[in-house]
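The next block holds one structure in the form of structure tokens; read it before the comments.
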Amino acid sequence: MTYNEYNFDGLIGPTHNYAGLSFGNIASATNAGATSNPREAALQGLAKMRAAMALGLKQGFLPPQDRPHIRTLRALGFAGTDRRMIERAAETAPELLANCYAASSMWTANAGTVAPSPDTEDGKVHFTPANLAANFHRSIEAETTARVLRHIFSNEDYFVHHPPLPGGEHFGDEGAANHGRLCESHGEGGVHLFVYGKDGDKFPARQKQRASEAVARGHLLDPEKTVFIEQSKTALDAGAFHNDVVGVANGTVLFLHEQSFADPAAAYAEIRKKAPFAEIIEAPADKVSLEDCIKSYLFNSQLLTLPADNGAEGEMALLLPTESEDNPRVKAFVEETLARNNPINRVIYKNVRESMRNGGGPACLRLRVVLSEREAAAANSHFILDEKKIAKLEVWVKTHYRDRLSPADLKDPAFMEESLAAMDALTALLNMGAFYDFQR
Ligand code: SUG
């Protein structure tokens with residue numbers, strides 16, 4: 093049986109804006125109040141998906157969520173018609189309105205954690221949507237994310253869906269952004285790395301240890317094949333609000349900054365014991381500082397195993413944001429990594445600047461799902477891309493999206509109607525029925 097990694101990218105929604113909602117995420121804070129370009133954001137995202145497909149890789153997507161989230165506004169005490177609620181929220185609680193408008197479901201690395209079937213005791217693919225309890229605007233995503241994942245992976249013979257973890261911040265879970273899998277090939281049993289944090293001096297840790305443990309338990313992973321690692325507070329306080337800002341795992345390779353983990357020697361020893369094939373490639377701080385990592389998103393790269401017919405067996409490519417190319421120290425380190433004897437042999441720089449300005453790089457924009465051919469055939473094909481489907485999504489974006497959006501525009505009820513009309517058109521395009529809360 094052949095297994096492939098599918099990257100499910102978030103299709104960026106029509107309300108993409110810069111509201112400065114994420115404490116500890118430096119890009120989000122720096123760009124608060126700036127004017128965004130939702131149209132360009134979505135097209136940049138689709139161009140990245142196309143670039144991965146051009147490498148011969150499998151590509152899927154998760155649809156955006158319905159924003160503004162009217163049901164949340166109602167739950168917060170706003171009443172009357174939808175238009176009236178927007179007006180009242182704009183007048184009395186503009187910050188709540190901004191939270192209900194966030195297009196943050198685009199960062200599907202935070203949609204949930206996935207365990208592929210070769211690793212689970214029951215031989216099924218397990219999904220746990222992230223509760224994203226650390227930030228209000230993100231916590232709104234969990235329920236719809238759960239619905240999306242069940243919609244795409246509906247066949248119970250192959251897929252198991254757990255609910256988001258209970259308990260809010262006590263079990264704060266940010267999904268695959270703090271999770272990696274090492275394996276000799278996608279279809280062989282893997283070793284799961286779960287990275288959690290403890291609050292730093294400046295910034296709070298979003299991923300809790302007991303949340304990581306609960307997800308591993310629910311996914312029926314072998315404790316001999318799981319490693320729980322504490323993130324370093326230095327990295328957290330430098331702005332690594334998710335571990336995928338300072339490291340990425342793929343296949344046999346763990347590619348990371350030397351200051352990622354609280355106790356790197358102990359973590360590497362356990363990784364090497366459980367995954368003897370692991371190759372750890374570290375960036376030393378004297379070549380690339382944490383600050384450089386966080387500005388350039390060097391480690392928020394997609395590390396992709398190229399298919400056998402498009403590269404030597406086991407060869408890997410790094411798909412990086414153009415910010416990494418623009419930083420001379422980071423670019424030099426990438427070139428040095430390519431030149432060294434390791435599986436990383438190719439680099440592709442893509443412009444995802446609209447997402448980067450909210451702290452989301454290439455790896456944030458994708459959820460990895462390893463599927464056998466049979467499992468892939470059981471998934472909803474509307475969400476697995478080919479050139480024709482990408483082109484249709486581009487037309488949809490060009491028809492419905494604005495090319496300028498400022499936080500003040502969110503106050504206009506006409507923008508709500510415009511955004512929800514776009515979502516109505518998308519559900520028709522993807523044959524989703526009355527899917528979103530505003531349609532029910
Ligand atoms: O959760 N930014 C997101 C970025 C998520 C990046 N994901 C990964 N590292 N995997 C966040 O902080 C900013 C929204 C705003 O400020 O308008 C935001 O939600």
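Those letters in the sequence shown? Residues 93 to 532, per our numbering, in order. Glycine included, each C-beta is placed from N, C-alpha and C at the ideal position.
(message) For a test of the three-state rule: what should DSSP assign to A111, helix, strand or coil?
(response) Taking the sequence shown and counting its residues from 1, one reaches residue 111 at position 19. Note: A111 maps to coil in three-state DSSP.
(request) Indicate, with yes or no, if the ligand SUG has a heavy atom lying under 7 Å from the CB of L149. (result) For the purposes of this step, residue 149 is identified with residue 57 of the sequence shown, where counting begins at 1. Not so, every heavy atom of the ligand SUG lies at least 7 Å from the Cβ.
(request) Grab the span of the alpha helix (DSSP H) containing A483 for me, first residue to last. (result) Position 391 of the sequence shown, counted from the start, is the residue given in the question as residue 483. Taken as a continuous stretch (DSSP letters only), the alpha helix (DSSP H) holding A483 covers 479 to 492.
(request) Take Y533 and list the residues in its own chain whose beta-carbon comes closer than 6 Å to its own, dropping the five residues that flank it on each side. (result) The shown model of the chain, from 93 to 532, leaves out residue 533, and the question about it has no answer.
(request) For E371, I'd like the list of residues in its chain whose CB is within less than 8 Å of its CB, leaving aside the five on either flank, ordered along the chain. (result) Position 279 of the sequence shown, counted from the first residue, corresponds to residue 371. For E371, where only same-chain residues beyond five positions count, the Cβ hits under 8 Å are T344, V345, L346, N434, P435.
(message) Assuming the contact rule is C-beta atoms closer than 8 Å, L103 and A134 should be a hit. Round their C-beta distance to whole Å, please.
(response) Start at 1 with the first residue of the sequence shown, and residue 103 comes out as number 11. Start at 1 with the first residue of the sequence shown, and residue 134 comes out as number 42. A Cβ-Cβ distance of about 7 Å is found for the pair L103 and A134, placing them in contact under the 8 Å criterion.
(request) Hey, could you find the ends of the beta strand (DSSP E) K150 is sitting in? (result) Walking along the sequence shown from the start, residue 150 turns up at place 58. Start and end: 150 to 154.
(message) Using 8 Å as the cut-off, can you tell me whether the stretch 189 to 207 makes contact with the stretch 160 to 177, which would need three or more C-beta pairs spanning the two stretches below that distance?
(response) yes
(request) Determine, using beta-carbon pairs with one atom in the stretch 478 to 492 and one in the stretch 229 to 248, whether at least three such pairs fall under 8 Å. (result) no
(message) Can you look up P221 in the DSSP assignment and give me helix, strand or coil?
(response) Translated into positions along the sequence shown, residue 221 becomes position 129. If DSSP states are grouped into helix, strand and coil, P221 belongs with the strands.
(request) Assign E213 to buried or exposed, taking buried as 16 or more other Cβ atoms, counted over all protein chains shown, within 10 Å of its Cβ. (result) Within the sequence shown, numbered from 1, the residue matching residue 213 stands at position 121. So E213 counts as exposed.
(request) Name, in chain order, the residues that DSSP records as bridge partners for V444. (result) The count along the sequence shown starts at 1 and reaches residue 444 at position 352. Paired residues: none, contrary to the question.
(message) Rounded to the nearest angstrom, what separates A171 and M177 at their Cα positions?
(response) The sequence position of residue 171 within the sequence shown is 79, counting from 1. The sequence position of residue 177 within the sequence shown is 85, counting from 1. Distance between the alpha carbons of A171 and M177 is about 6 Å.
(request) With DSSP collapsed to three states, give me the class of T34. (result) Any question about residue 34 goes unanswered here, given that the chain covers just 93 to 532.
(request) Measure the Cβ-Cβ separation of N99 and A144 and say whether it is below 8 Å. (result) Here residue 99 refers to the residue found at position 7 when the sequence shown is read from its first residue. Here residue 144 refers to the residue found at position 52 when the sequence shown is read from its first residue. For N99 and A144, yes; Cβs fall inside 8 Å.
(message) Tell me whether H349, by its Cβ, gets closer than 7 Å to a heavy atom of the ligand SUG.
(response) If you number the sequence shown from 1, residue 349 lands on position 257. In this structure, H349 has its beta carbon at no less than 7 Å from each heavy atom of the ligand SUG.
(message) Does V240 come out as helix, strand or coil in the three-state DSSP assignment?
(response) Counting from 1 along the sequence shown, the entry for residue 240 is found at position 148. In the structure shown, V240 sits in a helix (DSSP, three-state: H, G or I).
(message) L410 and V439 - do their beta-carbons sit closer together than 8 Å?
(response) What you label residue 439 is simply residue 347 of the sequence shown in a count that begins at 1. What you label residue 410 is simply residue 318 of the sequence shown in a count that begins at 1. Cβ distance < 8 Å, so V439 and L410 count as in contact.
(message) Could you give the first and the last residue of the continuous beta strand (DSSP E) run that contains A409?
(response) Here residue 409 is taken as the residue at index 317 of the sequence shown, counted from 1. From DSSP, the beta strand (DSSP E) with A409 extends over 408 to 413.
(request) Measure the alpha-carbon distance for G293 versus A111 and round it to whole angstroms. (result) Looking up residue 293 in the sequence shown gives position 201. Looking up residue 111 in the sequence shown gives position 19. As written in the sequence, residue 293 is Asp, which differs from the Gly given in the question. Their backbone Cα atoms lie some 24 Å apart in a straight line.
(request) Let me know the secondary structure DSSP gives S246 once reduced to three states. (result) Counted from its first residue, the sequence shown places residue 246 at position 154. In the structure shown, S246 sits in coil (DSSP, three-state: anything other than H, G, I, E or B).
(request) Would you list, in sequence order, the uninterrupted beta strand (DSSP E) runs of no fewer than 3 residues that lie entirely inside the stretch 315 to 403? (result) 318 to 322, 339 to 342, 345 to 349, 371 to 375, 394 to 397
(message) By the three-class DSSP mapping on this structure, what secondary structure does E417 have?
(response) Indexing the sequence shown from 1 puts residue 417 at position 325. In the structure shown, E417 sits in a helix (DSSP, three-state: H, G or I).
(message) Using a Cβ-based criterion (distance less than 7 Å to any ligand heavy atom), does H161 qualify as near the ligand SUG?
(response) As a first step, residue 161 must be located in the sequence shown, where it is residue number 69. No.
(message) Three Cβ pairs or more, each shorter than 8 Å: is that satisfied between the stretch 264 to 277 and the stretch 302 to 318?
(response) yes
(request) Would you please state the rounded distance, in angstroms, between the beta carbons of P155 and L522? I believe it to be under 8 Å. (result) Your numbering for residue 155 matches position 63 in the sequence shown. Your numbering for residue 522 matches position 430 in the sequence shown. Contact holds; Cβ gap of about 7 Å.
(message) By DSSP's criteria, G204 is part of a beta bridge. Which residues make up the other side?
(response) Here the question's residue 204 lines up with position 112 in the sequence shown. G204 pairs with P221.
(message) Going residue by residue through the stretch 127 to 187, where are the continuous alpha helix (DSSP H) segments of at least 4 residues, counting only ones entirely within it?
(response) 130 to 146, 162 to 167, 174 to 184
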